[in-house]
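If you're matching positions, the sequence shown starts at 72 in my numbering and goes up one per residue. Quick reminder that beta carbons are idealized off the backbone N, C-alpha and C, glycines included.
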Amino acid sequence: MKNIWIKDLKPGIEVADFFVLRKKELKEYNGQKYLKLELGDPSGRINAVLWENAEVVYAEVAIGDIVKVKGMAITYKEGLEIKIEKIRRAKEEESDPKEFLPKSKIDLNLLLKEFEEKSKTIKNSFLSKLMDSILGDEKLIEKIKYAPGGKLWHHSYLGGLLEHTLKVVEFCEKAAELYELVNRDLLITGALVHDIGKIYAYSFTGFIDFTDEGRLLGHIISGDEIINQKIKKIQDFPRELSLQLRHLLLSHQGQLEFASPVVPQTLEAIILYYADEMDAKTGAFSDIINRDIQQKREGKKWSDWVPLIHRYIYLGEEKVDNPSEADISRKEE
């Protein structure tokens with residue numbers, strides 16, 4: 072069980088706790104080998120350094136391991152790091168790798184139940200059979216339940232895929248109400264499965280990272296393969312419907328330079344693209360604002376520079392509770 076989170080560490084605090092090993096590098100200074108590490112837990116990441124037995128420890132621990140660290144939090148070059156005295160790989164019974172990953176604030180079972188309920192609203196018999204096939208695949212559903220929505224940018228936590236998917240479905244449901252030409256069943260099915268390839272694109276044991284498949288193929292191609300294989304097992308599934316659904320998956324990133332093999336060319340595809348874009352960007356902005364809430368309390372109005380979107384994000388001013396006389400009167404009553 073953890074005693075302290077990375078976000079709560081301050082210079083001078085003694086550390087004797089578990090972390091996930093995110094990076095390791097054997098370096099040399101003045102003829103002496105030392106180990107430079109990056110440690111993580113659900114609250115953040117921190118650099119660490121070990122000077123004693125560096126080469127031995129380098130061989131004993133691997134990236135992704137849960138490790139027990141003894142040392143002290145110190146200031147180094149105006150940043151915080153842990154000076155390690157001892158480090159070892161955690162025993163299997165001491166920790167669960169999933170505990171070291173951030174997790175959706177919504178119960179994962181509730182998210183999965185909502186995913187199932189949305190799937191049951193599909194009236195088209197072939198698309199309904201497709202969703203039933205997915206829901207009946209226990210190994211697939213287990214991965215969908217826990218998968219993150221991204222590595223760092225948006226919904227990068229356990230359950231993030233489901234949370235993001237359900238928001239996209241909500242946007243698409245509203246669009247289907249607003250525009251009469253929309254094929255509602257096709258659009259909602261596409262929304263439910265548009266990111267399904269992420270279950271193979273990311274590994275999430277200890278920390279979230281790309282798998283070999285994620286880097287070499289990408290989640291769009293993996294997702295199309297999953298859906299195409301499911302479709303092939305459904306007798307007489309219409310080819311035209313298959314093409315339109317697969318087009319939704321293949322075009323949902325919107326642009327060729329964003330890894331979509333094709334751009335949106337149907338009404339449902341353009342709606343899905345903007346719904347996905349809306350929730351991804353809003354989720355990412357929200358994560359950054361929430362991450363910097365402490366800086367906001369200290370009077371900082373802007374986030375740090377966000378390289379991925381080439382901008383700062385306005386945090387606003389910290390709201391100070393200043394109840395009106397009417398509010399005070401109601402409390403007194």
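Exercise for review: Rounded to whole angstroms, what's the CA-CA distance from Gly387 to Asn361? Just pull it up for me.
Suggested key: The straight-line gap from Cα to Cα measures roughly 12 Å.
Check your understanding: So what does Leu108 bridge to, in DSSP terms?
Key -> Beta-bridge partners assigned by DSSP to Leu108: Lys95 and Ala119.
**Study point:** Beta-carbon proximity list for Ser293, same chain, < 7 Å, skipping 5 on both sides
**Key:** Cβ neighbours of Ser293 beyond the five flanking positions: Gly268, Tyr271, Ala272 and Glu284.
Review point. What separation, rounded to the nearest whole angstrom, lies between the Cα atoms of Arg310 and Tyr385?
Key: Rounded to whole angstroms, the gap between the alpha carbons of Arg310 and Tyr385 is 48 Å.
Practice item. Could you tell me if Asp295 is buried or exposed, where buried requires 16 or more neighbouring beta carbons within 10 angstroms of its beta carbon? Key: Buried, because 16 or more other Cβ atoms sit within 10 Å of the Cβ of Asp295.
Check your understanding: Among Ala355, Lys303 and Leu108, which one has its Cα closest to the Cα of Ser204?
Key -> When Ala355, Lys303 and Leu108 are compared, the shortest CA-CA separation from Ser204 is found for Lys303.
Point to revise | Gly102 burial status per 10 Å Cβ neighbour count (16 or more: buried) | key: Counting other Cβ atoms within 10 Å of its Cβ, Gly102 stays below 16 and is therefore classed as exposed.
Practice item. Please list, in chain order, all residues of the same chain as Asn254 whose beta carbon is under 7 Å from its beta carbon, the five residues on each side excluded. Key: Hits under 7 Å: Glu339.
Check your understanding: Residue range of the beta strand (DSSP E) that Gly150 falls in?
Key -> Counting along the chain, Gly150 sits inside the beta strand (DSSP E) bounded by residues Gly150 to Arg160.
Point to revise | CA-to-CA distance, Ile298 to Asp112, given in whole angstroms | key: Computed Cα separation, rounded: 34 Å.
Practice item. Over the uninterrupted alpha helix (DSSP H) stretch that includes Gly231, give me the two end residues. Key: Segment Gly231 to Leu249, the alpha helix (DSSP H) holding Gly231.
Practice item. Give the secondary structure of Asp88 by DSSP, where H, G and I count as helix, E and B as strand, and everything else as coil. Key: Strand, per DSSP.
Point to revise | Helix, strand or coil at Asp280 according to DSSP, with G and I counted as helix | key: Note: Asp280 maps to strand in three-state DSSP.
Point to revise | Cβ pair count under 8 Å reaching 3, the region 144-153 against the region 125-135 | key: No, the region 144-153 is not in contact with the region 125-135.
Review point. Hey, how far is the Cα of Glu188 from the Cα of Asn195?
Key: Spanning the two alpha carbons is a distance of roughly 15 Å.
Exercise for review: Name the one or two DSSP bridge partners that Arg382 has.
Suggested key: According to DSSP, which records beta bridges pairwise, Arg382 is partnered with Val377.
Review point. Per DSSP, what kind of secondary structure is Ala133 in: helix, strand or coil?
Key: Ala133: coil per DSSP, three-state reduction.
Check your understanding: CB-CB under 6 Å to Val391, same chain, minus the five flanking residues each way: which ones, in chain order?
Key -> Interpretation of Val391 is limited by its pLDDT of 48, a score under 50 that renders its predicted location unreliable; the figure taken from the coordinates is listed afterwards. Contacts found: none.
Exercise for review: Output yes or no for whether 8 Å exceeds the beta carbon distance between Ala246 and Ile342.
Suggested key: Note that the C-beta distance between Ala246 and Ile342 is below 8 Å.
Exercise for review: Would you please state the rounded distance, in angstroms, between the beta carbons of Phe89 and Lys73? I believe it to be under 8 Å.
Suggested key: Indeed, because the Cβ distance is near 6 Å, the residues count as touching under 8 Å.
Check your understanding: Secondary structure at Phe171, three-state DSSP: helix, strand or coil?
Key -> In the displayed model, Phe171 falls within a helix according to three-state DSSP.
Review point. What's the C-alpha gap between Tyr344 and Lys200?
Key: Looking at the two C-alpha atoms, the distance is approximately 24 Å.
Point to revise | Classification of Thr353 by the beta-carbon crowding that lies within 10 angstroms, buried from 16 upward | key: Counting other Cβ atoms within 10 Å of its Cβ, Thr353 stays below 16 and is therefore classed as exposed.
Check your understanding: Ordered along the chain, which non-local residues of its own chain (more than five positions away) have a Cβ less than 6 Å from that of Val91?
Key -> If we look at Val91 and ignore the five residues flanking it on each side, its Cβ neighbours are Gly111, Ile137, Phe171, Gly277 and Phe278.
Check your understanding: Which stretch, first to last residue, makes up the alpha helix (DSSP H) that contains Ser199?
Key -> For Ser199, the uninterrupted alpha helix (DSSP H) segment begins and ends at Ser196 to Leu206.
Review point. By DSSP, does Gly83 sit in helix, in strand, or in coil?
Key: Reduced to three states, the DSSP call for Gly83 is coil.
Practice item. Compute the Euclidean distance between the alpha carbons of Leu249 and Phe242, then round it to the nearest angstrom. Key: The alpha-carbon atoms of Leu249 and Phe242 are separated by roughly 11 Å.
Point to revise | Reduced DSSP secondary structure (H/G/I, E/B, other) of Ser114 | key: Note: Ser114 maps to coil in three-state DSSP.
Check your understanding: Sorted by chain position, which residues of the same chain lie with C-beta nearer than 6 Å to Leu320's C-beta, five sequence neighbours on each side aside?
Key -> His265, Gly294 and Asp295.
Check your understanding: Less than 8 Å separating the beta-carbons of Ser175 and Gly230?
Key -> If you check the CB distance, Ser175 and Gly230 come in under 8 Å.
Check your understanding: Which residue from Thr337, Ala161 and Tyr228 puts its Cα closest to that of His318?
Key -> It is Thr337.
Check your understanding: In terms of alpha-carbon separation, which member of Gly150, Lys98 and Trp76 lies closest to Ala125?
Key -> Of the candidates Gly150, Lys98 and Trp76, the one whose C-alpha sits nearest the C-alpha of Ala125 is Lys98.
Check your understanding: Who are the near neighbours of Leu108 in its chain, counting only those whose CB is closer than 6 Å to its CB and skipping five residues on each side?
Key -> Cβ neighbours of Leu108 beyond the five flanking positions: Lys95 and Ala119.
Point to revise | Cβ pair His225, Leu232 closer than 8 Å | key: No, the Cβ-Cβ distance between His225 and Leu232 is not below 8 Å.
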